[in-house]
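With UniProt numbering applied, the sequence shown corresponds to residues 1 to 417, in that order.
Backbone N, C-alpha and C define an ideal beta-carbon position, used for all residues, glycine too.
So the structure is just underneath, and the comments pick up after that.
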Amino acid sequence: MRQNMDRGLDSATHQSAIVKMFPSFVRSLPDGSEKGDFFALDLGGSNFRVLRVQLLEGDVQMTSKVYKIAEETMTGTGDQLFDYIADCLSEFKKEEGLGDVDLPLGFTFSFPCKQNGLASAELVQWTKGFSASGVVGKDVVQLLKEACVRKNVNLHIVALVNDTVGTLMSCAYSRSDAYIGLILGTGTNACYLEKLSNVGTWTGDSGEPTNVIINMEWGAFGSDGALDNFRTEFDKQVDEVTPNKGKQLYEKMISGMYLGEIVRLILVKLTTDGHLFGGKVSPDLNTPWKFETRFLTDIESDTSSDNGECRTILTSLGVTPSVSDLATVRRICEAVSTRAARLAVAGLSAVIRKMGAGELTIAVDGSLYKKHPTFKSNMEATLQELVPGVTIKLMLSEDGSGKGAALVAAVAARISS
Numbered sequence: 001m002r003q004n005m006d007r008g009l010d011s012a013t014h015q016s017a018i019v020k021m022f023p024s025f026v027r028s029l030p031d032g033s034e035k036g037d038f039f040a041l042d043l044g045g046s047n048f049r050v051l052r053v054q055l056l057e058g059d060v061q062m063t064s065k066v067y068k069i070a071e072e073t074m075t076g077t078g079d080q081l082f083d084y085i086a087d088c089l090s091e092f093k094k095e096e097g098l099g100d101v102d103l104p105l106g107f108t109f110s111f112p113c114k115q116n117g118l119a120s121a122e123l124v125q126w127t128k129g130f131s132a133s134g135v136v137g138k139d140v141v142q143l144l145k146e147a148c149v150r151k152n153v154n155l156h157i158v159a160l161v162n163d164t165v166g167t168l169m170s171c172a173y174s175r176s177d178a179y180i181g182l183i184l185g186t187g188t189n190a191c192y193l194e195k196l197s198n199v200g201t202w203t204g205d206s207g208e209p210t211n212v213i214i215n216m217e218w219g220a221f222g223s224d225g226a227l228d229n230f231r232t233e234f235d236k237q238v239d240e241v242t243p244n245k246g247k248q249l250y251e252k253m254i255s256g257m258y259l260g261e262i263v264r265l266i267l268v269k270l271t272t273d274g275h276l277f278g279g280k281v282s283p284d285l286n287t288p289w290k291f292e293t294r295f296l297t298d299i300e301s302d303t304s305s306d307n308g309e310c311r312t313i314l315t316s317l318g319v320t321p322s323v324s325d326l327a328t329v330r331r332i333c334e335a336v337s338t339r340a341a342r343l344a345v346a347g348l349s350a351v352i353r354k355m356g357a358g359e360l361t362i363a364v365d366g367s368l369y370k371k372h373p374t375f376k377s378n379m380e381a382t383l384q385e386l387v388p389g390v391t392i393k394l395m396l397s398e399d400g401s402g403k404g405a406a407l408v409a410a411v412a413a414r415i416s417s
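Here you go:
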C-alpha cells in the first residue's frame, strides 16, 4: 500500500498508478473558530439534500431538506438536471428566510471526478443510474453556477467536496488531532492530510497552508497483483460477476457491497461438499447477491444462545439448518467481517506510518462501520498489532457529506479573509 501511495503522489508515475492519491485542494482543517451561515448540497444518488449549516462557537446547527430526482431528470440533459437542483436551492433558501442573501456553498458530488481546483472538477463518468447528457468531461461546479444564474439564485459555490474528505472535515471541527478520514459503507475510501512537499502532482500555489488533504481512492488497490496472496477462490468468484472485473479488488474484500456475496459463495461450496444443510443447496442460496451484507450484521449481533436470527435468515433462503449448521454459518460471517476489518486497518497502518504521528483521531463513516457489532473492536485490536505505540482513536463522523461540505466552505472563507 505504501509503495502504491508513493506512485500515486509522484508526477512521473501518477498516470499509471493504481491508487490515484488525488489532491482535494482542501488545504486546511477546521480549527473550531469558523463561524457563520453556510449552505451545503449533497448529490450522490436519486435523492439529494440541501442543508443550511450555522456554525456558532464550537456548536453546529443544521436544517436540511431532501429532494427526489425523477428518473427522466437523471437521464435527460445536464441543463435540466442542474436547473432542477437550482430550483430546489432557491425554494430551500426562501423557506429559510434567506432568499436574497448570497451565502457560501459547499457541494458534495459523489461521482468520479478529476478535481482541478477547490471549486472546479470535471465529471469522469456517471454512475448510480445517472446519464444526464452534456456533463461528462465538463466542470460540474460551472454547470451548477450557470443554472443558478439562469434561475436567479444567489449562491457562492466555494468548494466541491469528496464525501471522504467531508468525513474528515466534519470530525476535525471538534477534534484537532483528526488527520485521516475513512469510509466503510457500500464502498471504501480514505483520505489524509499530506505535506505539499510530498505531493509531486501538485500544481497549485505552494504558499501557506503547506498541507493538502489527499483523496486516496484506495478501493482500487490490488489490481496489479498486490493482493493475490490474500485473495481466495471466493474473492475471485465475486470479481468474475462484477461489471468492473479486475478493478477495485481491495474494496471487494472489505466493503458492504460484497461481504454478503462472499459468505454466500462459501456456504454454497460447503453445502455442495456435503458439510452444511444436508448437502442441499436451495434455489435462493444459489442466487447471486441473495445473501445480503446486513445478514452478517444481524447474525453477528444476535446474542441469544440458539442463534435464532441465523435460523430465521437461513429459513427465509429456503434451507433447513441443524444446530451445528447455525454455529458454522455464524463462524463464516465472523471470519469474513473480521478479515475485512483487518484488511482496512492494514491500509490505515500504511497511512499512519507515512504520517509519522504519535497520536491521532481517524474519522470514520459508513453503514458497515456504524451497524456491524464488532467491526470497530476488530479494527482497534488490529491497530494495536500493526502500529503499536501510536495512540489512535476511531471516531464516528456524523454527516460528512452535509456538515463536512459546509465546513470546507467555512475554512475556505476563513483562509480567504
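When the Cα atoms are used, what is the spatial distance from residue i to residue j?
i           : j           : result
residue 113 : residue 380 : 32 Å
residue 307 : residue 198 : 51 Å
residue 143 : residue 125 : 15 Å
residue 304 : residue 325 : 16 Å
residue 352 : residue 103 : 37 Å
residue 295 : residue 182 : 23 Å
residue 35  : residue 394 : 26 Å
residue 41  : residue 66  : 10 Å
residue 1   : residue 243 : 24 Å
residue 234 : residue 44  : 30 Å
residue 389 : residue 383 : 10 Å
residue 174 : residue 37  : 18 Å
residue 72  : residue 138 : 20 Å
residue 115 : residue 13  : 18 Å
Name the residue from the options whose alpha carbon lies nearest to the alpha carbon of residue i.
i           : options            : result
residue 192 : 272, 280, 273, 162 : 162
residue 217 : 361, 22, 399, 52   : 22
residue 105 : 152, 231, 160      : 160
residue 39  : 262, 329, 117, 99  : 99
residue 282 : 265, 87, 296       : 265
residue 372 : 333, 385, 221, 74  : 333
residue 155 : 262, 321, 101, 96  : 101
residue 63  : 57, 56, 52         : 52
residue 187 : 88, 287, 301, 110  : 110
residue 26  : 355, 277, 120, 360 : 120
residue 269 : 253, 232, 136      : 232
residue 86  : 50, 327, 276       : 50
Count the other CB atoms within 10 Å of the CB of residue i; is the residue buried (16 or more) or exposed (fewer)?
i           : result
residue 422 : This structure gives no information on residue 422, because the portion of the chain shown stretches from 1 to 417.
residue 206 : exposed
residue 28  : buried
residue 211 : buried
residue 359 : exposed
residue 337 : buried
residue 397 : buried
Report, in whole angstroms, the separation of the C-beta atoms of residue i and residue j, which I expect to be a contact under 8 Å.
i           : j           : result
residue 46  : residue 69  : 5 Å
residue 213 : residue 165 : 5 Å
residue 400 : residue 167 : 3 Å
residue 90  : residue 151 : 6 Å
residue 83  : residue 132 : About 11 Å separates the two Cβ atoms, so there is no contact after all.
residue 375 : residue 386 : Their Cβ separation, rounded to whole angstroms, is 16 Å, which puts residue 375 and residue 386 out of contact at 8 Å.
In this structure, does DSSP put residue i in helix, strand or coil?
i           : result
residue 1   : coil
residue 371 : helix
residue 417 : coil
residue 325 : helix
residue 80  : helix
residue 125 : coil
residue 188 : strand
residue 143 : helix
residue 227 : coil
residue 238 : helix
Does the CB of residue i have a neighbour CB from chain D at under 8 Å?
i           : result
residue 283 : The chain inventory of the structure shown lacks chain D, comprising one protein chain alone.
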